[in-house]
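Peer 1: In order, the protein sequence lines correspond to chains E and Y. Using this note's numbering, read the first sequence as starting at 23 and increasing by one per residue. Using this note's numbering, read the second sequence as starting at 23 and increasing by one per residue. Following this message is one structure expressed as structure tokens.
Protein chains: 2
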Amino acid sequence: MASALASIGRIERVTLGERVYAELRELLIAGELAPGERLSLRTAAETLGTSMMPVREAVARLVADDALEVTPNRSVRVPLMTVAKLRELTAVRIAVEGFAAEQAALQRNERDLEIMRRFDSAFRQEARSARPNATRAVRANKDLHFAVYRAARLPTLVGIIEGLWLKIGPVINLDLKESSERLTTGDAERQHAHLVAAIERQDGTAAREALVADIRSAAAFIEATGRLPQ
Amino acid sequence: MASALASIGRIERVTLGERVYAELRELLIAGELAPGERLSLRTAAETLGTSMMPVREAVARLVADDALEVTPNRSVRVPLMTVAKLRELTAVRIAVEGFAAEQAALQRNERDLEIMRRFDSAFRQEARSARPNATRAVRANKDLHFAVYRAARLPTLVGIIEGLWLKIGPVINLDLKESSERLTTGDAERQHAHLVAAIERQDGTAAREALVADIRSAAAFIEATGRLPQ
DNA sequence: TGCCGTGATCTGTGATCACAGTTAGGCTGG
DNA sequence: CCAGCCTAACTGTGATCACAGATCACGGCA
């Protein structure tokens, strides 16, 4: 058979539902959709230029991982976060993401480190800026975290963590966008530095501790704002 | 308003899609669907007595959790398990379910313990039977494990673990159904006893160790059968 | 006898229609 | 001027239709 054909590689079919899901997921993680905000299937379909079908599929998936909820009144909205739910999520994040960071320290290669350093410095640059761009800061923070998690070489774990970020994204990042105060304290910046340094010297315990500190301080900040119901 | 109305509780609307999802999930966890087995949306809809719509929604969710996959040939099937995937899943299970067991030991109340003891003895009875009923053993095993996980009081974590069981169910439990050898070694029985005892005396470390041993021996058994591709 | 083209039949995906239930706003009656 | 009803518009859910692509078996050609 023609040898040229062997090199073109398989083209992957990506369904519309998949693309809508990716779109909504990014909005949620980036905090573009506020807790309590309603979402209409028909309106979303129209703005995305598709029919209602792909939106239904995407929303069904997000509802399944508690990233959206359908109220008894037949309307879809971003779930409200309570103090109790935030604490539970934080406990789970500490266990799961802490483990991922520890593994990342043990399994990382040079390429992983390069990527982490790039996003780390992107975040630092944003945090130290006189007028920080919240959107860019949020993205750099997410990219850094997931660069770490991916370095653990456990794809299943990354999927689990994505599910967790889908739930906290609206709260954590919406807050960050409204006031950049959390950026300017330098907490996150410092913990990121510790994290990357620990991974660099393959110190699993220190990597876990740095990540846990990062998670804890973000959760404490949100809780301190006092804007959560209950 | 009438006080009697306050006591009846809200009836939850359960959609057809939800019910189909629950049905398929039980089949997967119980190992009733073998890896590689194909699933037709139309056929499934017909046997369940619904239209294709609810099945589509349920399958979309299961595909999202990697409990099912749609091949490039447009057909849905239970994913094949490879040795590498089994090892990765086992590593994640050890971290996540181990943490849950540890928390369960610290948070459990008397009611939790009662439930665990009941399922533990149901499993033991099945394992020691001359002709063990694999289906009942699988169910008792699952019930015991999830009784432990629920005792940790972290619903999000239980959801994550359900996702993991969806992936390993077809392999672990199909194997158990085909040969009851794994039951008769008494390994699981012994580790379950250690687990419940540790939770009883609120020994988190021992509880984690017992659960990890259980997970490890099951994974080792599957790997030793040599029936996994790659 | 061996191989390749071909059509019937299956697959999931997307669009559209139908429906029951909810909501919100305007209108009517006091 | 205000309260309450009532209708019109909207909600998600389920069913049905349409379609492109893949599979597989049969039949004809070499």
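Yeah, the Cβ is synthetic: ideal placement off N, Cα and C, and Gly gets one too. Predicted, not measured: the structure shown is a model, and the values here were computed from it.
1. What are the residues in the region 88-114 of chain E lying within 8 Å of chain Y by C-beta distance?
2. Within the continuous alpha helix (DSSP H) that includes E:Val77, where are the two ends?
3. Can you list the alpha helix (DSSP H) stretches of 4 or more residues lying completely in the region 171-226 of chain Y, in chain order?
4. Report yes if the CB atom of Y:Gly53 is closer than 8 Å to the CB atom of Y:Val160, and no otherwise.
5. Alpha carbons only, please: which of E:Gln224, E:Ala235, E:Ala241 and E:Leu188 is nearest the one belonging to E:Glu48?
6. Considering Y:Val118, what are the terminal residues of the alpha helix (DSSP H) in which it resides?
7. Within 8 Å (strictly less), CB to CB, does E:Leu49 reach chain Y?
8. Following the continuous alpha helix (DSSP H) through Y:Arg96, name the residue where it begins and the one where it ends.
9. For E:Glu91 and Y:Glu136, what's the separation of their Cα atoms in angstroms?
10. Report the CB separation of E:Ala281 from E:Val170 in whole angstroms; it is logged as a contact under 8 Å.
11. Measure the alpha-carbon distance for Y:Asp225 versus Y:Arg130 and round it to whole angstroms.
12. Whether or not the region 105-120 of chain E and the region 225-244 of chain E are in contact is what I'm after, with contact meaning three or more pairs of Cβ atoms, one per stretch, closer than 8 Å; do they touch?
13. List the residues of chain Y that E:Arg64 touches, going by C-beta distances under 7 Å, in chain order.
14. Is DSSP giving Y:Arg60 helix, strand or coil here?
15. When DSSP labels each residue in this structure, what does E:Val42 get in the three-state scheme?
16. State the Cα-Cα distance for the pair Y:Leu70 and Y:Ser62, rounded to the nearest angstrom.
17. Start and end of the alpha helix (DSSP H) containing Y:Glu54?
18. Of the choices E:Asp197, E:Ala67, E:Gly185 and E:Leu46, whose alpha-carbon is the least far from that of E:Ala156?
19. My guess is that E:Ala6 and E:Leu46 are in contact by the Cβ rule of under 8 Å, so how many angstroms apart are they, rounded?
20. What does Y:Ala117 reach in chain E if we use C-beta pairs closer than 7 Å?
21. With a threshold of 8 Å between beta-carbons, can E:Arg230 be considered close to chain Y, or not?
22. Under 9 Å, CB to CB, which of the residues in the region 175-203 of chain Y have a partner in chain E?
23. In terms of residues, what are the limits of the alpha helix (DSSP H) holding E:Arg139?
24. Hey, is E:Ala82's beta-carbon within less than 8 Å of any beta-carbon in chain Y?
25. Cβ atoms of Y:Ala86 and E:Arg83: under 8 Å apart, would you say?
26. With a threshold of 6 Å on Cβ separation, who are the neighbours of E:Asp142 within its own chain once the five nearest residues in sequence on each side are excluded?
27. If you measure from the beta carbon of E:Arg238 to each beta carbon in chain Y, is any gap under 8 Å?
28. Along the region 138-171 of chain E, where does the CB come closer than 7 Å to a CB of chain Y? Name the residues.
Peer 2: Looking at the coordinates:
1. Asp88, Pro94, Glu110, Leu111, Ala113 and Val114
2. Taking the first sequence and counting its residues from 1, one reaches residue 77 of chain E at position 55. It spans Met74 to Ala86 - the alpha helix (DSSP H) in which E:Val77 sits, taken as one unbroken run.
3. 177-200, 203-206 and 209-222
4. Numbered from 1 along the second sequence, position 31 holds the residue referred to as residue 53 of chain Y. Numbered from 1 along the second sequence, position 138 holds the residue referred to as residue 160 of chain Y. Yes. Within cutoff.
5. On the first sequence, position 26 is the one that residue 48 of chain E refers to. The shortest C-alpha separation from E:Glu48 is found at E:Leu188.
6. On the second sequence, position 96 is the one that residue 118 of chain Y refers to. Unbroken alpha helix (DSSP H) run through Y:Val118: Val105 to Gln129.
7. Taking the first residue of the first sequence as position 1, residue 49 of chain E is located at position 27. Judged by the 8 Å Cβ criterion, E:Leu49 is not in contact with chain Y.
8. Taking the first residue of the second sequence as 1, we reach residue 96 of chain Y at position 74. It is not in any alpha helix (DSSP H) - Y:Arg96 carries neither H nor E in the DSSP assignment.
9. Here residue 91 of chain E corresponds to residue number 69 of the first sequence, with the count starting at 1. Here residue 136 of chain Y corresponds to residue number 114 of the second sequence, with the count starting at 1. For E:Glu91 and Y:Glu136, the distance between alpha carbons rounds to 33 Å.
10. Limits of chain E in this structure are 23 at one end and 252 at the other, which puts residue 281 of chain E out of reach.
11. Against the second sequence, residue 225 of chain Y aligns to sequence position 203. Against the second sequence, residue 130 of chain Y aligns to sequence position 108. Cα to Cα, the separation comes out at about 11 Å.
12. yes
13. Looking up residue 64 of chain E in the first sequence gives position 42. Going along chain Y, no residue has its Cβ under 7 Å from E:Arg64, so there is no contact; the nearest lies around 17 Å.
14. On the second sequence, residue 60 of chain Y is found 38 positions in, with the first residue counted as 1. DSSP places Y:Arg60 in strand when its eight states are reduced to three.
15. Here the question's residue 42 of chain E lines up with position 20 in the first sequence. Note: E:Val42 maps to helix in three-state DSSP.
16. Taking the first residue of the second sequence as position 1, residue 70 of chain Y is located at position 48. Taking the first residue of the second sequence as position 1, residue 62 of chain Y is located at position 40. Between Y:Leu70 and Y:Ser62, the C-alpha separation is close to 12 Å.
17. The residue labelled residue 54 of chain Y in the question sits at position 32 within the second sequence. Y:Glu54 -> no alpha helix (DSSP H), and no H or E assigned at all.
18. Taking the first residue of the first sequence as position 1, residue 156 of chain E is located at position 134. Here the closest residue by C-alpha is E:Asp197.
19. This structure does not reach residue 6 of chain E, given that chain E is present from 23 up to 252, and the question cannot be answered.
20. Sequence index remark: in the second sequence, residue 117 of chain Y carries index 95 (1-based). Simply Phe121.
21. Position 208 of the first sequence, counting from 1, holds the residue named residue 230 of chain E. Chain Y, which has no Cβ nearer than 8 Å to the Cβ of E:Arg230, makes this no.
22. Arg175, Leu176, Pro177, Thr178, Leu179, Gly181, Ile182, Gly185, Leu186 and Lys189
23. The residue given as residue 139 of chain E occupies position 117 in the first sequence. Segment Glu132 to Arg150, the alpha helix (DSSP H) holding E:Arg139.
24. Translated into the one-based positions of the first sequence, residue 82 of chain E becomes position 60. At least one chain Y Cβ lies under 8 Å of E:Ala82.
25. One-based indexing of the first sequence puts residue 83 of chain E at position 61. One-based indexing of the second sequence puts residue 86 of chain Y at position 64. In this structure, Y:Ala86 lies closer than 8 Å to E:Arg83 by Cβ.
26. What you label residue 142 of chain E is simply residue 120 of the first sequence in a count that begins at 1. The residues are Leu166, His214 and Val218.
27. Numbered from its first residue, the first sequence carries residue 238 of chain E at position 216. Output row for E:Arg238: interface = no.
28. none
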